[in-house]
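Engineer:
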Amino acid sequence: MAIEMKVPAVGESITEVTVATWNKKEGDVVKLDEVLCELESDKATFELPAEAEGILHIVAKEGDVLPIGAVICSIEVVGAQTTTATPAPAAAVAESPAPAPVAAAPEAPVAVSKVLEVKVPPVGESISEVTVSVWNKKSGDTVALDEVLCELESDKATFELPAESAGVLQIVAESGAVVPIGGLLATITVVAGATTPPPATVVAPATTLPPATVVAPATTLPSTESYAAGHPSPAAAKILDEKGIAAAQVAGSGVGGRITKDDAQNAQPAAVAPAAPAPTAVPAVASASVSTDARATRREKMSSLRKTVARRLVAVKNETAMLTTFNEVDMKPVMDLRSKYKDKFKEKHGVGLGFMSFFTKAVCVALKEFPSVNAKIDGDEMVFHDFCDISIAVSAPKGLVVPVIRNAENLSLAGIESEVVRLAVKARDNKLSLEEMTGGTFTITNGGVFGSMMSTPIINAPQVAILGMHNIVERPVVVDGQIVIRPMMYLALSYDHRIIDGRESVSFLVRVKQLLEDPARLLLDI
């Protein structure tokens, strides 16, 4: 019997693929799930595993362009003879009247098994591929139901992939591989009936092997030395990598000796062996080698998130008529209000009173008055929003993310502060969902927390404007004809000149300035 292997569906927008490289030749014997060839689409390269064991017959050659669903090769299954040959020993042994227990032994290995394919699940409408970040298990490991197998990275979020069944894992896509949605990541061999301690091993050794074989289970028993021992969790591995500490140097306190995030944070680099035995005869050579080592370089692959952010920022610069206008704000009124009520505010609402809530509230008022700043361009049309979904830029461990505060115009200062804290914590823990990072209508970014005095922020497409906050610096300013020292902040509004005119952009920023310099306007809605 021959099984036809066809080009699988690899994404909604992909209609054809190119046969890049054949890993097997015509007539080769292939095994189940063995990689036959590599296929290239206009978005990614992926592997084609064998659907059965047998003899390969190649239909499409390297370089051929095939539509989705086209036959790429066939596998001649020769397992019919093997399956009939397997029960034969059982029948032969059954005919011998004496060794009844031995007849039961061959049946244990013939336990029915099935192979489950672990594929990349759909994770969002705009995501067509993911990157395998870290495997928590190795090929050949036994996994339990719902046990986390690996971490996958998309251009928007990181998520975990649980096991769909208990069984033996075989990895197909290694760490760092880019796999399309629906692509094969691994297989899990599920064996019906637990044959972990096969009774045949206990009966057979008496006649086949000396009694020492009975002790052989000791090679299988070291369960205390599991895979988890000395193996860092994904978060711990990243911290150790940044510190330059090998996992072997850290004692794990987690389950089965696993190295936890706390272990990694508390780990210290091994003290460099004191250079006591350094020969005094050649000090010049020693110093030369040290300076050479200090000039070492290293390469690190860009994450999916970093690559996507880079691509989109360049696209925004190239595809929009971006312009930036500036103004400055006297932050004394807001700071006085904060210092007067921050303790009572936290006591009542359970969150601190920060600057972000004032800026968000002021922006929402200004967006209602200048709707084009809260719009977007869709082809030849302008789409205006009657709501304010404010994106806030957060610097997360894996790069810049922009979670969204939904319907910010309806929230109080306390409600905005609570959302800011919730989203910032989830961003730093890499727990943000796709829904929490999509659909914003306007963005606020605060470079001032890092000490930035002035910048020109880049628009977060498809939005058409972004407000940049900066650090607060005491400067001399003229108030009512007097020179006074005031805490001043520069504000920057980058906007798309295709939809927002200069008058609107400047007026929007002036309105935000008015609201912040007289925060009573926010409370009175004037």
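With UniProt numbering, letter number 221 in the sequence shown gets 221, and the count goes up by one each step, no holes.
Each residue gets a CB set at the ideal place from its N, CA and C atoms; glycine is no exception.
Just the Cα atoms here: how many angstroms apart are V71 and N318?
Structural biologist: One-based indexing of the sequence shown puts residue 71 at position 71. One-based indexing of the sequence shown puts residue 318 at position 318. Those two C-alpha atoms are separated by around 41 Å.
Engineer: Distance check for R298 and A288, CA to CA, integer angstroms please.
Structural biologist: Indexing the sequence shown from 1 puts residue 288 at position 288. Indexing the sequence shown from 1 puts residue 298 at position 298. Only weak support is given to the placement of A288: the predicted model assigns it a pLDDT of 48, under 50, and the question is left unresolved by the model.
Engineer: Please report how far the alpha carbon of T187 lies from the alpha carbon of C37, in whole angstroms.
Structural biologist: Mapped onto the sequence shown, residue 187 falls at position 187. Mapped onto the sequence shown, residue 37 falls at position 37. Their Cα atoms are separated by approximately 18 Å.
Engineer: Assuming contact is defined by CB atoms lying nearer than 8 Å, are V130 and D33 in contact in what I supplied?
Structural biologist: In the sequence shown, the residue the question calls residue 130 occupies position 130. In the sequence shown, the residue the question calls residue 33 occupies position 33. Contact: no.
Engineer: Using 8 Å as the threshold, is the C-beta distance between I458 and L313 below it?
Structural biologist: Looking up residue 458 in the sequence shown gives position 458. Looking up residue 313 in the sequence shown gives position 313. For I458 and L313, yes; Cβs fall inside 8 Å.
Engineer: Measure from the alpha carbon of A163 to the alpha carbon of each residue in E147, E151, G176, then state which is nearest.
Structural biologist: Mapped onto the sequence shown, residue 163 falls at position 163. Cα-wise, what sits closest to A163 is E147.
Engineer: Could you check which residue in K368, D336, R428, V363 has the C-alpha nearest to that of L353?
Structural biologist: On the sequence shown, position 353 is the one that residue 353 refers to. Nearest C-alpha to L353: D336.
Engineer: Could you tell me which of P122, L145, K137 sits nearest to S165, measuring between CA atoms?
Structural biologist: On the sequence shown, position 165 is the one that residue 165 refers to. The shortest C-alpha separation from S165 is found at L145.
Engineer: To the nearest whole angstrom, what separates the beta carbons of E444 and I390, a pair I think is in contact under 8 Å?
Structural biologist: In the sequence shown, the residue the question calls residue 444 occupies position 444. In the sequence shown, the residue the question calls residue 390 occupies position 390. Per the sequence shown, residue 444 should be read as Ile rather than Glu. With a contact defined as Cβ atoms closer than 8 Å, I444 and I390 qualify at about 6 Å.
Engineer: Where S507 and V65 are concerned, what is the direct C-alpha to C-alpha distance, given to the nearest angstrom?
Structural biologist: Translated into positions along the sequence shown, residue 507 becomes position 507. Translated into positions along the sequence shown, residue 65 becomes position 65. The C-alpha of V65 is placed about 56 Å away from the C-alpha of S507.
Engineer: Assuming V401 and M437 form a contact by the criterion Cβ under 8 Å, report the distance between their Cβ atoms to the nearest whole angstrom.
Structural biologist: Locating residue 401 in the sequence shown gives position 401, where the first residue counts as 1. Locating residue 437 in the sequence shown gives position 437, where the first residue counts as 1. Contact holds; Cβ gap of about 6 Å.
Engineer: Keeping to the same chain, check which residues put their C-beta closer than 6 Å to that of A461; ignore five residues upstream and five downstream.
Structural biologist: Position 461 of the sequence shown holds residue 461. Excluding positions up to five away in sequence, the list reads V316.
Engineer: Of all the options D501, D429, E369, V17, which has the alpha carbon lying nearest to the alpha carbon of A60?
Structural biologist: For the purposes of this step, residue 60 is identified with residue 60 of the sequence shown, where counting begins at 1. Nearest C-alpha to A60: V17.
Engineer: Please classify V214 as buried or exposed, where buried requires at least 16 other C-beta atoms within 10 Å of its C-beta.
Structural biologist: Residue mapping note: residue 214 aligns to position 214 of the sequence shown, counting from 1. With a pLDDT of 39 at V214, under the threshold of 50, the predicted position of this residue should be treated as unreliable, and no value is reported.
Engineer: Taking 8 Å as the threshold (beta carbon to beta carbon), is K114 in contact with chain D?
Structural biologist: Reference to chain D is not applicable here, since this structure consists of a single protein chain.
Engineer: By the three-class DSSP mapping on this structure, what secondary structure does N318 have?
Structural biologist: As a working note, residue 318 is residue 318 in the sequence shown. Residue state, collapsed to three classes: helix.
Engineer: Is the stretch 476–495 touching the stretch 381–397, taking contact as three or more C-beta pairs under 8 Å?
Structural biologist: no
Engineer: Could you give the residue range of the alpha helix (DSSP H) that holds A343?
Structural biologist: If you number the sequence shown from 1, residue 343 lands on position 343. In the sequence as presented, Ala is not what sits at residue 343; that position holds Asp. Here the alpha helix (DSSP H) through D343 covers 332–349.
Engineer: Let me check one thing: in DSSP terms, what residues is A492 bridge-paired to?
Structural biologist: To locate residue 492, count along the sequence shown from 1; it is residue 492. According to DSSP, A492 bridges with F326, G468.
Engineer: Can you tell me where the alpha helix (DSSP H) with A264 in it begins and where it stops?
Structural biologist: For this step, residue 264 is matched to residue 264 along the sequence shown. Taken as a continuous stretch (DSSP letters only), the alpha helix (DSSP H) holding A264 covers 261–266.
Engineer: Identify every residue that forms a DSSP beta bridge with E117.
Structural biologist: Residue numbering aside, residue 117 sits at position 117 when the sequence shown is read from its first letter. For E117, which the question treats as bridged, DSSP gives the partners T187.
Engineer: Rounded to whole angstroms, what's the CA-CA distance from F358 to V420? Just pull it up for me.
Structural biologist: Here residue 358 refers to the residue found at position 358 of the sequence shown. Here residue 420 refers to the residue found at position 420 of the sequence shown. Cα to Cα, F358 sits roughly 12 Å from V420.
Engineer: The beta strand (DSSP E) with L152 in it runs from where to where?
Structural biologist: What you label residue 152 is simply residue 152 of the sequence shown in a count that begins at 1. Counting along the chain, the beta strand (DSSP E) containing L152 begins and ends at 148–153.
Engineer: Spatial neighbours of T15 within its chain, please: C-beta separation below 7 Å, excluding the five flanking residues on both sides.
Structural biologist: If you number the sequence shown from 1, residue 15 lands on position 15. Cβ within range, chain order: P67, I68.
Engineer: Take L413 and list the residues in its own chain whose beta-carbon comes closer than 6 Å to its own, dropping the five residues that flank it on each side.
Structural biologist: The residue labelled residue 413 in the question sits at position 413 within the sequence shown. So the qualifying residues of the chain are S357.
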